[in-house]
Amino acid sequence: MNLGIIAHNSKKVLIEDFCIAYKNILAKHEVYATGTTGRRIEEATNLHVHKFLAGSIGGDKQFMEMVERQDLDMVILFYNPVMMDPKEPDIQAIVMRCDQYNIPVATNIATAELLILGLARGDLDWRLNLK
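The number in this note's numbering is simply the position in the sequence shown, starting from 1, with 48 added.
In structure tokens, the structure reads:
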């Protein structure tokens, strides 16, 4: 499956730790991320990550296009709700598009862990029927 990952600057270390913890699950799937997040995940895990541009220079739009084509099966999006920055990806727009296309989305580590463990169990295999 295709997994999309975005993390605001203040959540980069958290997404690295998450990806290290679930490296064995992520390795069985295709991972897509905005530029800086993708590079940091690759450096932390040695996983291959398909990288878009950095979010602030259009990577969030590339990410959104993939959501709209329904080419992502799950999205993990870590952001800091008290530090919204106009240079960061538009969280609300991404979540709304995921909801529109029935793409499971996690915006915090608790939900991300549920989704990634469900992915490992096969709970998201229904997504394969949509392709």
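Glycine included, C-beta positions come from ideal geometry on N, C-alpha and C.
For residue 164, the uninterrupted alpha helix (DSSP H) segment begins and ends at 157-169. Here residue 50 is near residue 120, since their CB atoms are less than 7 Å apart. The Cβ-Cβ distance between residue 90 and residue 97 falls below 7 Å. By the Cβ-count criterion, residue 117 is exposed, with fewer than 16 other Cβ atoms from all chains shown falling within 10 Å of its own Cβ.
Under the DSSP assignment, residue 81 falls in the beta strand (DSSP E) whose first and last residues are 78-81. Taking 8 Å as the upper bound for CB-CB distance, residue 128 and residue 59 are in contact here, some 6 Å apart.
Note that the C-beta distance between residue 63 and residue 55 is below 7 Å. Rounded to whole angstroms, the gap between the alpha carbons of residue 110 and residue 100 is 7 Å. Under the DSSP assignment, residue 59 falls outside any alpha helix (DSSP H); it carries neither an H nor an E label. In this structure, DSSP gives residue 51 an extended state, which the three-state scheme calls strand. About 6 Å separates the CB atoms of residue 85 and residue 53; that is less than 8 Å, so the two are in contact. Judged by beta-carbon spacing, residue 122 lies beyond the 7 Å limit of residue 74, meaning their Cβ atoms are not closer than that value. Residue state for residue 120 is assigned as coil, using DSSP reduced to three classes.
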